[in-house]
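> So that we are looking at the same thing, I have put the structure below in structure tokens.
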Amino acid sequence: MIKYLRIYRPLNLLFIGIAQWLCVYRLDVYANLQSIYELGIYPLIGGTIAVAAFGYWVNDFYDIERDRINKPEKRTLWQFPKWLSWVHFVLFIGFAVICGLLLNYFFLGLFMFCIVLLWLYSMLLKDSPGIGNALIAILSFLSIYMLKWQFVSIDPLLLIHFAALAGLLNFSREVVKDGEDIEGDKELGAKTIPIVFGKSFANKIVHFILLFTISFVAISLYYQRIYFKPPMNYLYWGYYLLFVIIPLYKLAVDVRYGEDAEDYARFSMIIKYVLYTGILSILFF
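Every number in this note's numbering is 1 more than the matching position in the sequence shown, counting from 1.
This is how it looks when you write it as structure tokens:
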């Protein structure tokens, strides 16, 4: 049962829902529990989670051979019959359709568009150098920024801060994961960034993306000063310094020397940790 549940990445799905709910409830100055309910926060979260769950399942479905090589002890979809995957695809798409209809036709189309992109990513794009990484980053950005299209009174610059943080960190993490999976990817003929351009080049990309992320965060924090008064502003800046900026800077230094799968697995976990701490900073608002 535990192996089956792992395919869902339940903690990731839970965090997606928490991040969206916090963005709406904490960043919208006019928000209250009743108003966000009436505007459809829960169908929006449900649809997003259904799309993300579809993405996890379809990615594992097309990665069966790769995961037997790279992560035989962690990826378990190959242990189940194929029809089970197709049942899940139908259920996820159906639930996303229902959630979209509860919102409006725009979100229905958006959910379906994202599902198509995730399918294309899993079948074709993830093995193209940089294209698949960029697509996941864009979808990560969109999972946060699309809230603005339903909750119009959210400060768009605040939303861009958290959406861009999600996008940039997920791009970095995707490149790092390609470095971790390089042996299996080579055997299957994939053309990821570490394979086509080398690990050193991939490390440099992550290094510069992380430095850019730190610079972006610093500029964004300067704008966000209008939302805080002493001493809360110092607590907020201190939180970002300790749990976002310093870990990212240390990672930017360390990633230049990444070599084996263990290094990249550690880098991936650090990026995931910083993504969580960065999004949870919404609680300060």
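Don't be surprised by glycine CBs; every beta carbon is placed ideally from N, CA and C.
(1) From V218 to K192, what does the alpha carbon distance come to, in whole angstroms?
(2) Check this for me: beta carbons of F90 and F142, under 8 Å apart or not?
(3) What did DSSP end up calling G47 once you bin it into helix, strand or coil?
(4) Under 8 Å, do G131 and I183 count as touching if we go by C-beta distance?
(5) Please list the terminal residues of the continuous alpha helix (DSSP H) segment that includes L111.
(6) Quick test of your reading: F172 and A203, contact by CB under 8 Å. State the CB separation rounded to the nearest angstrom.
(7) Could you please give the first and the last residue of the uninterrupted alpha helix (DSSP H) stretch that includes I215?
(8) At the level of alpha carbons, what is the spacing between L170 and L212?
(9) Whole-angstrom Cβ separation of Q151 and L40, contact assumed at under 8 Å?
(10) Compare the Cα-Cα distances from F62 to each of I46, S86, A53 and T49 and report the closest residue.
(11) G259 by DSSP, collapsed to three states: which one?
(12) Distance, Cα to Cα, Y106 vs K187?
(13) Give the straight-line distance between the Cα atoms of S154 and G199, rounded to the nearest whole angstrom.
(14) Can you tell me the Cα-Cα spacing of V98 and D261, whole angstroms?
(15) Where does I227 land, buried or exposed, given buried means 16+ other C-beta within 10 angstroms?
(16) Buried or exposed, going by whether 16 or more other CB atoms sit within 10 Å of the CB of K230?
(17) Whole angstroms is fine: what's the gap from R110's alpha carbon to Y258's?
(18) Cα-Cα, which of Y9, V30, W238 and V52 is closest to S144?
(19) Tell me whether R27 sits in a helix, a strand or coil according to DSSP, three-state version.
(20) Evaluate contact between the segment 268 to 286 and the segment 9 to 29, counting only Cβ atoms and requiring at least three cross-stretch pairs below 8 Å.
(21) Can you give me the C-alpha to C-alpha distance between I19 and F163, rounded to a whole angstrom?
(22) Identify, in the order they occur along the chain, each residue of the same chain with its Cβ nearer than 7 Å to the Cβ of T49, setting aside the five sequence neighbours on each side.
(23) Please report the distance separating the alpha-carbon of F209 from that of A253.
(24) What does the alpha-carbon distance come out to for the pair Y223 and E175?
(25) Assuming C100 and G47 form a contact by the criterion Cβ under 8 Å, report the distance between their Cβ atoms to the nearest whole angstrom.
(26) For a test of the three-state rule: what should DSSP assign to K229, helix, strand or coil?
From the atom records:
(1) Your numbering for residue 218 matches position 217 in the sequence shown. Your numbering for residue 192 matches position 191 in the sequence shown. Straight-line Cα distance between these residues: approximately 32 Å.
(2) As a position in the sequence shown, residue 90 is number 89, starting the count at 1. As a position in the sequence shown, residue 142 is number 141, starting the count at 1. Contact flag unset, no.
(3) Here residue 47 refers to the residue found at position 46 of the sequence shown. Here G47 sits in helix by DSSP.
(4) By one-based count along the sequence shown, residue 131 stands at place 130. By one-based count along the sequence shown, residue 183 stands at place 182. No, Cβ-Cβ distance for G131 and I183 is not below 8 Å.
(5) Your numbering for residue 111 matches position 110 in the sequence shown. Boundaries of the alpha helix (DSSP H) harbouring L111: Y106 to M124, taken from the DSSP string.
(6) Reading the sequence shown from its first residue, position 171 is the one you call residue 172. Reading the sequence shown from its first residue, position 202 is the one you call residue 203. Not a contact, Cβ separation roughly 12 Å.
(7) Position 214 of the sequence shown holds residue 215. Where I215 is concerned, the enclosing alpha helix (DSSP H) stretches over K200 to Q225.
(8) By one-based count along the sequence shown, residue 170 stands at place 169. By one-based count along the sequence shown, residue 212 stands at place 211. Each residue's Cα considered, the two are about 11 Å apart.
(9) Counting from 1 along the sequence shown, the entry for residue 151 is found at position 150. Counting from 1 along the sequence shown, the entry for residue 40 is found at position 39. So it is a contact: roughly 6 Å between Cβ atoms.
(10) In the sequence shown, counting from the first residue as 1, residue 62 sits at position 61. Minimum Cα-Cα distance from F62 among the listed residues I46, S86, A53 and T49 corresponds to S86.
(11) Mapped onto the sequence shown, residue 259 falls at position 258. The three-state secondary structure of G259, taken from DSSP, is coil.
(12) In the sequence shown, the residue the question calls residue 106 occupies position 105. In the sequence shown, the residue the question calls residue 187 occupies position 186. Pairing Y106 with K187, the inter-Cα distance amounts to about 42 Å.
(13) Within the sequence shown, the letter at position 153 stands for residue 154. Within the sequence shown, the letter at position 198 stands for residue 199. When rounded, the distance between both Cα atoms is 45 Å.
(14) The residue you call residue 98 lines up with position 97 of the sequence shown. The residue you call residue 261 lines up with position 260 of the sequence shown. In a straight line, the C-alpha of V98 is about 42 Å away from that of D261.
(15) Here residue 227 corresponds to residue number 226 of the sequence shown, with the count starting at 1. Around the Cβ of I227, a 10 Å sphere holds fewer than 16 other Cβ atoms; the residue is exposed.
(16) What you label residue 230 is simply residue 229 of the sequence shown in a count that begins at 1. Within a 10 Å sphere around the beta-carbon of K230 sit fewer than 16 other beta-carbons, which makes this residue exposed.
(17) Here residue 110 is taken as the residue at index 109 of the sequence shown, counted from 1. Here residue 258 is taken as the residue at index 257 of the sequence shown, counted from 1. The sequence shown places Gly at residue 110, not Arg. G110 and Y258 have their alpha carbons spaced roughly 43 Å apart.
(18) Here residue 144 is taken as the residue at index 143 of the sequence shown, counted from 1. Considering only alpha carbons, the answer is V52.
(19) Taking the sequence shown and counting its residues from 1, one reaches residue 27 at position 26. Correct three-state label for R27: helix.
(20) Yes, since at least three Cβ pairs between the segment 268 to 286 and the segment 9 to 29 fall closer than 8 Å, the two stretches touch.
(21) Start at 1 with the first residue of the sequence shown, and residue 19 comes out as number 18. Start at 1 with the first residue of the sequence shown, and residue 163 comes out as number 162. So the alpha carbons of these two residues sit roughly 13 Å apart.
(22) Taking the sequence shown and counting its residues from 1, one reaches residue 49 at position 48. Taken in chain order, the residues that qualify are I17, Q21 and S144.
(23) Residue mapping note: residue 209 aligns to position 208 of the sequence shown, counting from 1. Residue mapping note: residue 253 aligns to position 252 of the sequence shown, counting from 1. In this structure, the CA atom of F209 is about 8 Å from the CA atom of A253.
(24) Translated into positions along the sequence shown, residue 223 becomes position 222. Translated into positions along the sequence shown, residue 175 becomes position 174. Answer to the nearest angstrom: the Cα atoms are 29 Å apart.
(25) The residue given as residue 100 occupies position 99 in the sequence shown. The residue given as residue 47 occupies position 46 in the sequence shown. Indeed, because the Cβ distance is near 5 Å, the residues count as touching under 8 Å.
(26) Taking the first residue of the sequence shown as 1, we reach residue 229 at position 228. As written in the sequence, residue 229 is Phe, which differs from the Lys given in the question. Coil, per DSSP.
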